[in-house]
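**Q** This is the structure I want to talk about, given as structure tokens.
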Amino acid sequence: MRYRNASEVLPDALLNEIKKYAAGEVLYIPSDSARGKWGAKSGAKVFYEQRNAEIRDKYFRQKASVAVLSNEYGLSEETIRKILYK
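According to the numbering used here, the sequence shown is numbered sequentially starting from 1.
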């Protein structure tokens, strides 16, 4: 997000009206577009869902230990347990 001077963007009448309420303050004006959910655009959400399903499958069906899964996926044993019991 970059900052722009309001006097460069807003018409004088609107700028004077805003000054009545927030003169000298920094305002954030959110965009109209709705934000997507986390990982929707980048594909990260799908990646982690697939990885976590694979971890659960290896633990519950293939009987891999938490230590082996931790080493294989580069995650702590605590993180593996969180994935398994979520």
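Note that the Cβ used here is the ideal one computed from N, Cα and C, for glycine as well.
Quick check: the region 23-33 against the region 55-67, are at least 3 beta-carbon pairs closer than 8 Å?
**A** No, they do not touch.
**Q** Pick helix, strand or coil for residue 18, following the three-state DSSP scheme.
**A** Residue 18 falls in the helix class under three-state DSSP.
**Q** How is residue 27 classed by DSSP in three states: helix, strand or coil?
**A** Three-state result, residue 27: coil.
**Q** Within 8 Å, do at least three Cβ pairs link the region 41-51 to the region 17-32?
**A** As far as the Cβ criterion goes, the region 17-32 does not touch the region 41-51, which means the pair count is below three.
**Q** Assign residue 69 to buried or exposed, taking buried as 16 or more other Cβ atoms, counted over all protein chains shown, within 10 Å of its Cβ.
**A** Label assigned to residue 69: buried.
**Q** Following the continuous alpha helix (DSSP H) through residue 84, name the residue where it begins and the one where it ends.
**A** It spans 77-84 - the alpha helix (DSSP H) in which residue 84 sits, taken as one unbroken run.
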